[in-house]
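To start, the structure itself, in structure tokens.
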Amino acid sequence: MSQPSLSEALRGVVRRDLLLAMRRRSDVAMSVFFVVIVASLFPLGVGPEQAVLRMIASGVLWVTALLACLLSLGRLFTADYLDGVLEQTLLIPQPLAVLVVGKMFSHWVISGLPVVLLSPLLGLQFGLSGESLWVLTLSLLLGTPTLSMIGAIGAALTLGLRGSGLLVALLVLPLFIPVLIFGAGAVTSSLAGIGSEANLSLLGACFMLSLAFAPWATAVALRIALE
Amino acid sequence: MYETSGDVEKTFANRTTLKSSTLRQFFFFGPSGISPNMFQTVALSGSRGERQLFSDVSVTVKPGTLLAVVGENGSGKTSFLRMLCGLLSPDKGMILWQEKDIRQLKELYTAQLTYIGHLNGIKDELTPVENLNVSACLAGDESSGEIVQKALEAVGLGRSVHRLPTRVLSQGQKRRVALARLWLSTRPLWLLDEPFASLDTAATSYLTQRLQVHLSSGGMVVVATHQEIALPTDSVQYLRLTR
């Protein structure tokens, strides 16, 4: 009789997902290009007015990050569901909620991390500078994992349904609102010179809260989806 | 390409026998010296949606025996097997592993079984070696390159296909990749859903041999199948699902 240790199982889940992302580089590239293009459209549409761009920067960049996360949510469980890997995952003798954290982590690495890394460059397009660029990156670093975790609940709840893409958006976008408010708020307050600590702390709190509940809720939803 | 070397067969036969002999000491000899019934279902009923699939199914699978679940299409063989895995909850009845309900055992029970479903559970983008490597790692089995390659050879997949993406393989070859897990598995209970589907005669005989080895080392197998299984009749019992 054999049983994987918890870290072995977690590593296995993450390794498979990252290996798959390496094989399907176009998927990763697409979400990166999506972010770059959407963020570049705004300065083109709004015009080169520095003050206006700086004002809308945080909101635009955060909404873009949020949409990029949403776009890739469809891939989170669907492929595994269709090829039977998901039912094998459910049979791994370790808590499903922990394995789900592995799935969330790799989703973040594939869809969230590129946005975080690109954000200073995108911020420059909007005339952000110095400290606010730094705050933007930090807020995305804290906020995008939360988006992946909340998004996973929606992806699991709509697994196997027809038209699940739109349904995920309807389910998940309202839940993204607090993250959006605190994330964009952090950048805005740093621009206004009143310090971004409060907003960043709240983002951290959102992260901890979703880490406590999202894996468990996702695991339950996955079990129901496979019944 | 589909020739299996005798060495490979022997390696796996020895591996299984060794592991399971310790298992047998651990599990099979109860206080009275008689092996307790390892796996049973008690008055199991299942349905999909409104439709009743089967009701009142009570079977016992003893160590060293195979239960072949037969029945026409749509009679609920797959649902029955998924229920035995714990993926589906029964309407009524219980599934017992060593006289304990599997719903209470949870992970302790899933650590005892290897399930190969109707879906292969392999990734098209990964190579057979990578696929098997990951699933062995997730099952806690040995997943070194050598062992994995030997398992693939045992199921009749030559080295020429080991490094190709599984996507380019035929249905039968993909099925073989999925089944290769059985050559790595050291778990006592195997639940196989139509394992012979899309296999050619060579692969069918490899699999039958593997089942034989598993059974003779005290393992248990539940198979949903349409085919006759070429195993000694005293180790096979049939369950026909009817509505």
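Just so you know, the sequences run in chain order F and W. For the record, in the first sequence the residue sitting at position 184 is 184 according to the numbering used here, with numbers rising by one throughout. For the record, in the second sequence the residue sitting at position 216 is 216 according to the numbering used here, with numbers rising by one throughout. Even glycine gets a Cβ: it sits at the ideal position worked out from N, Cα and C.
Open item on the list: Let's see if you can read the secondary structure: which residues bound the beta strand (DSSP E) around V221 (chain W)?
Closed with: M220 to A224
Open item on the list: Tell me which residues of the segment 7 to 23 of chain F have at least one Cβ-Cβ distance to chain W shorter than 8 Å, keeping chain order.
Closed with: E8, A9, R11, G12, V13, R15, R16, L19, L20 and R23
Task: Which residues DSSP lists as bridging M94 (chain W), in chain order - done: W:V42
Task: Cβ shell of P31 (chain W) (< 7 Å), same chain only, five flanking positions each side left out - done: Confidence at P31 (chain W) is low in this model, with a pLDDT of 37, below 50, so the placement of that residue is unreliable and no value is reported for it.
Task: Chain-ordered chain W contacts of V85 (chain F) [CB-CB under 7 Å] - done: G121 and K123, listed in chain order.
- [ ] Return the residue from the list F:R24, F:A57, F:T78 and F:G112 that minimises the CA-CA distance to L67 (chain F).
- [x] F:G112
- [ ] Could you tell me which of F:G45, F:L91, F:S148 and F:E49 sits nearest to L71 (chain F), measuring between CA atoms?
- [x] F:S148
- [ ] Measuring alpha carbon to alpha carbon, tell me which of W:V69, W:T186, W:L113 and W:D124 ends up nearest S143 (chain W).
- [x] W:T186
TODO: Starting from the C-beta of T114 (chain W), find all residues in its chain whose C-beta is less than 8 Å away, skip the five residues before and the five after it, and write them out in chain order.
DONE: A139, R181, L182, S185, R187, L189, W190 and L191
- [ ] Note down the Cα distance separating R24 (chain F) from E125 (chain W), rounded to an integer number of angstroms.
- [x] 8 Å
Task: Stretch-stretch touch, CB-based, cutoff 8 Å, three pairs: the segment 199 to 206 of chain W with the segment 152 to 169 of chain W - done: yes
Task: Cross-strand partners of R240 (chain W) (DSSP beta bridge) - done: W:V70
Task: Counterpart residues of Y115 (chain W) in DSSP-defined beta bridges - done: W:L191
TODO: Express the C-alpha separation of S31 (chain F) and H107 (chain F) in angstroms, rounding to a whole number.
DONE: H107 (chain F) and S31 (chain F) have their C-alpha atoms roughly 12 Å apart.
Open item on the list: If you measure between the beta carbons of V42 (chain W) and L239 (chain W), is that distance less than 8 Å?
Closed with: For the 8 Å CB-CB criterion, V42 (chain W) and L239 (chain W) do not form a contact.
Open item on the list: Here's the rule I'm using: 16 or more other beta-carbon atoms within 10 Å means buried, otherwise exposed. How should I92 (chain F) be labelled?
Closed with: buried
Open item on the list: I'd like the span of the beta strand (DSSP E) that includes D56 (chain W), first residue to last.
Closed with: R51 to V61
Open item on the list: Does the contact criterion of 3 or more C-beta pairs under 8 Å hold for the segment 191 to 211 of chain F versus the segment 132 to 152 of chain F?
Closed with: yes
TODO: Would you mind working out which of F:S190, F:Y81 and F:G143 sits nearest A65 (chain F), comparing C-alpha positions?
DONE: F:G143
TODO: Would you decide whether I95 (chain W) is buried or exposed? Buried here means 16 or more other CB atoms lie within 10 Å of its CB.
DONE: buried
Task: Within 7 Å of chain W by C-beta, residues of the segment 171 to 201 of chain F in sequence order - done: When C-beta distances to chain W are compared with 7 Å, every residue of the segment 171 to 201 of chain F stays at or above that value.
Task: Straight-line Cα distance separating I177 (chain F) from V168 (chain F) - done: So the two alpha carbons sit approximately 15 Å from each other.
Task: Nearest-angstrom beta carbon gap, L226 (chain F) and L90 (chain F) [assumed within contact, 8 Å] - done: With a Cβ gap of about 6 Å, L90 (chain F) and L226 (chain F) count as contacting.
- [ ] Find the nearest neighbour of Q173 (chain W) within the set W:D193, W:K150 and W:A197, judged by alpha-carbon distance.
- [x] Closest option to Q173 (chain W), Cα to Cα, is W:A197.
Open item on the list: With a threshold of 8 Å between beta-carbons, can V148 (chain W) be considered close to chain F, or not?
Closed with: no
Open item on the list: Any beta carbon from chain W within less than 8 Å of S132 (chain F)'s own beta carbon?
Closed with: No, no contact with chain W.
Open item on the list: In this structure, how does DSSP classify S47 (chain W) when only helix, strand and coil are distinguished?
Closed with: strand
Open item on the list: Run through the DSSP bridge pairs and tell me what D101 (chain W) is partnered with.
Closed with: W:L96
Task: Spatial neighbours of G195 (chain F) in its chain, beta-carbon cut-off 8 Å, leaving aside the 5 residues before and after - done: S189
Open item on the list: Residues of chain W with CB closer than 7 Å to the CB of P215 (chain F), please, in chain order.
Closed with: Simply none; closest approach about 16 Å.
Task: Within chain F, the residues that T242 (chain W) reaches when beta carbons sit closer than 8 Å - done: The contacting residues do not exist; T242 (chain W) stays about 23 Å from chain F at best.
Open item on the list: Judging by CA-CA distance, which residue of W:L44, W:V177 and W:Y109 is the nearest neighbour of V59 (chain W)?
Closed with: Measuring C-alpha to C-alpha distances from V59 (chain W) to each of W:L44, W:V177 and W:Y109 identifies W:L44 as the nearest.
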